[in-house]
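Participant: Encoded as structure tokens, here's the structure I'll be asking about.
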Amino acid sequence: MPFGELPVLEVDGKQLPQSFAINRYLARKYGLAGKDDFEQAQVDALGDSTKDFFHEIMPFIMAAAGHAEGDKDALYKEKFVPAVEKYFPLYKKYLKESGNGFLFKSGTTWVDFHLAESNFTWNNYIPDFFASHPEFKQHVGKIYALPQLQNYLKSRAETKY
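Residue 1 is where the sequence shown starts when you use the UniProt record's numbering, and the numbers rise one by one after that.
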């Protein structure tokens, strides 16, 4: 393992570490990175903002998942809510401006998959999450309705995250 930790993608005997490097590699390979160089940079920037968001909410998520000590209700108010107020207007702006239910006008990107799966997870820990964010519920529904995902979605294990 190149960095001594997972995830690692192996391609033709070569190993690629780090989830976002893997996301970007696969996105370029399968046409999910953006339509041109500038949009690809915008997609990457939005993806990087989700890492910033995750960093801010991690104490809440770890406590809510039972992987760390902490008062999940207090951490929800102290960590999750402020991060949502900071980042979600940006994500909602992209959804609205694309006009197609995805984050970018060109269609589905790797960040659509990443954000949809993350929002699905938040809904598992925060039961009224989708009620408070209906545009994300629609986005998750649009991603989960993609024909290319149906076999996977039917066969994957059911987990909270």
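Just so you know, even glycine gets a beta-carbon here, dropped at the ideal spot from N, CA and C.
Express the C-alpha separation of Lys86 and Glu78 in angstroms, rounding to a whole number.
Facilitator: Rounded to whole angstroms, Glu78 to Lys86 spans 13 Å at the Cα level.
Participant: So, helix, strand or coil for Gly107, using DSSP?
Facilitator: strand
Participant: Could you round the C-beta distance between Phe60 and Phe80 to whole angstroms and report it? I think they count as a contact, below 8 Å.
Facilitator: Distance from Phe60 to Phe80 at the Cβ level is roughly 5 Å; contact confirmed, criterion being Cβ atoms closer than 8 Å.
Participant: With the cut-off set at 8 Å, would you say Pro2 and Ile22 are in Cβ contact?
Facilitator: no
Participant: Please confirm if the segment 122-132 is in contact with the segment 93-100, defined as three or more CB-CB distances below 8 Å between the two stretches.
Facilitator: no
Participant: Do Leu75 and Ala63 have their CB atoms nearer than 8 Å?
Facilitator: Their beta carbons are under 8 Å apart, which means Leu75 touches Ala63 by this criterion.
Participant: How big is the Cα-Cα spacing for Met58 and Ala131?
Facilitator: 22 Å
Participant: In or out: Arg24 buried (at least 16 other Cβ within 10 Å) or exposed?
Facilitator: buried
Participant: Mind checking His114: buried by the 16 CB within 10 Å criterion, or exposed?
Facilitator: buried
Participant: Does Pro7 come out as helix, strand or coil in the three-state DSSP assignment?
Facilitator: coil
Participant: So is Gly47 buried or exposed if we call it buried at 16+ other beta carbons inside 10 Å?
Facilitator: Burial call: buried.
Participant: Grab the span of the alpha helix (DSSP H) containing Gln42 for me, first residue to last.
Facilitator: Asp37 to Ala64
Participant: Using a Cβ-Cβ cutoff of less than 7 Å, which residues in the same chain neighbour Phe136 once the five nearest sequence positions on both sides are dropped?
Facilitator: Answer for Phe136: Asn119 and Phe130, listed in chain order.
Participant: Within 10 angstroms of its Cβ, does Asp44 collect 16 or more other Cβ (buried), or is it exposed?
Facilitator: buried
Participant: With distance defined between alpha-carbon atoms, name the residue in Asp36, Ser49, Gly13 and Gly66 nearest to Tyr161.
Facilitator: Gly66
Participant: CB-CB under 7 Å to Phe53, same chain, minus the five flanking residues each way: which ones, in chain order?
Facilitator: Ala83 and Tyr87
Participant: Taking the CB atoms as reference points, tell me whether Thr108 and Leu32 lie closer together than 8 Å.
Facilitator: yes
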